Amino acid sequence: MKPRFLADCNVGRLARWLRALGYDASYHAHIEDAALVREAAAEDRVLLTRDRDLTKRRVIQSGAVRAILIRHDDVTAQLRQVFAELGLDIEQSLTRCIECNAELEPRHADTVAQRVPPFVRSTQTRYSECPGCGRIYWAGTHWQHMREVFAGL
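In short: position in the sequence shown from 1, add 328, done, that's the working numbering.
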């Protein structure tokens, strides 16, 4: 079973990248530490943080809540650390919304044609839509860049 993540305010970019890799990664920009730990426990999520004091809480030290203290500033290094510590492989990609974490649903080109730029319509045939926020995704040049980053993991 794939791990589910909960990122604190210090690792929001990491959460977005994990989502792009197909992982369920919840993120809260403004939440108290106690609430963060409760959510991680209640939803069986791995807590990702750069806050050393947060990882010293008894519930984390006891192993009741799994947490990873992220040691790097660079998001690529952060991804490497998470993948190494959990023994993960790159699995599905472009399956979750990087904004709201919902699972993407495939869409036919004609159903999203009016919602994407003309150049995209002329170059892309496969699209996905987020049922949560309505964002449309396609494998454009940004996706090529992400694939290059993934290849380095």
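The C-beta atom is built at its ideal place from N, Cα and C for all residues, glycine as well.
This structure is a prediction, so every number in the text was calculated from the model and none was measured.
Judged by beta-carbon spacing, Ile426 lies beyond the 9 Å limit of Gln409, meaning their Cβ atoms are not closer than that value. Within the region 406 to 471, the runs of beta strand (DSSP E) at least 3 residues long that lie entirely inside it are, in chain order, 433 to 435 and 455 to 457. Less than 9 Å separates the beta-carbon of Ile396 from that of Leu376. Taking one beta carbon from each stretch, the region 337 to 348 and the region 376 to 390 have 3 or more pairs nearer than 8 Å; the two touch. In this structure, the alpha-carbon of Arg449 lies about 8 Å from that of Ala437. Counted as a single uninterrupted DSSP element, the stretch harbouring Val365 is not any beta strand (DSSP E) but the alpha helix (DSSP H) occupying residues Asp361 to Ala370. In the DSSP assignment, Val387 falls within the unbroken alpha helix (DSSP H) covering Arg386 to Gln389. Contact between Val387 and Ala412 fails: their C-beta atoms lie close to 24 Å from each other, not under 8 Å.
Minimum Cα-Cα distance from Ala348 among the listed residues Val444, Glu431 and Leu414 corresponds to Glu431.
DSSP places Val403 within a helical segment (H, G or I) once states are collapsed to three. At the C-beta level, Glu367 and His356 come within 9 Å of one another. For the options Ala467, Cys461 and Gly462, the alpha carbon positioned closest to that of Arg454 is the one of Ala467.
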